[in-house]
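For the sequence shown, my numbering gives the first residue as 29, with consecutive numbering after it.
Written out below as structure tokens is the structure these notes cover.
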Amino acid sequence: MTHTLTPDLEDLRRLVTWRMPFGRYEGRYLTDLPEPYLVWFANKGFPRGKLGELLQTALAVRTNGLEALVDELRVEVLAELRRERSRTPEAARDEPTRGSSSPE
């Protein structure tokens, strides 16, 4: 039985914002993982859960030449996240005030 990946918008947002939590490429965005690494997972078995689903999607993006679309989405999503963070009271509190050379 073949499993067809049909990611929804939230999965695509996760794909461009999640980082690899372990291994040789720990810390890299899933969409930046090298294709041979994704193929290795395909041969050995993807991790269980959402991470495995997203890695499968990352491989499908690569093998179908959809990197440009995902890169565009990443730019939009990361800009949106930056805007959201800048609106939070914590972000405003952590920002140094103008003319202040050291935090109080």
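Just so it is clear, CB atoms sit at the ideal spot from N, CA and C, and this is done for glycine as well.
Run of the alpha helix (DSSP H) containing residue i, from where it starts to where it stops
{"i": "E54", "result": "Taken as a continuous stretch (DSSP letters only), E54 belongs to no alpha helix (DSSP H), as it is neither H nor E."}
{"i": "F69", "result": "63 to 72"}
{"i": "T59", "result": "Counting along the chain, T59 falls outside any alpha helix (DSSP H), and DSSP gives it neither H nor E."}
{"i": "D39", "result": "37 to 45"}
Reference residue i, options the options, closest by Cα
{"i": "G80", "options": "F69, E95, N92", "result": "F69"}
{"i": "M48", "options": "D60, R41, D39", "result": "D60"}
{"i": "T91", "options": "Y53, P64, L40", "result": "P64"}
{"i": "L58", "options": "K72, G73, R113, L40", "result": "L40"}
Residue environment, residue i, which counts as buried when at least 16 other CB atoms sit within 10 Å
{"i": "T17", "result": "This structure cannot speak to residue 17, because the chain is shown only from 29 to 132."}
{"i": "L87", "result": "buried"}
{"i": "V89", "result": "buried"}
{"i": "L83", "result": "buried"}
{"i": "V103", "result": "exposed"}
Residue i in three-state terms, based on DSSP
{"i": "R90", "result": "helix"}
{"i": "R102", "result": "helix"}
{"i": "R111", "result": "helix"}
{"i": "T116", "result": "coil"}
{"i": "M48", "result": "coil"}
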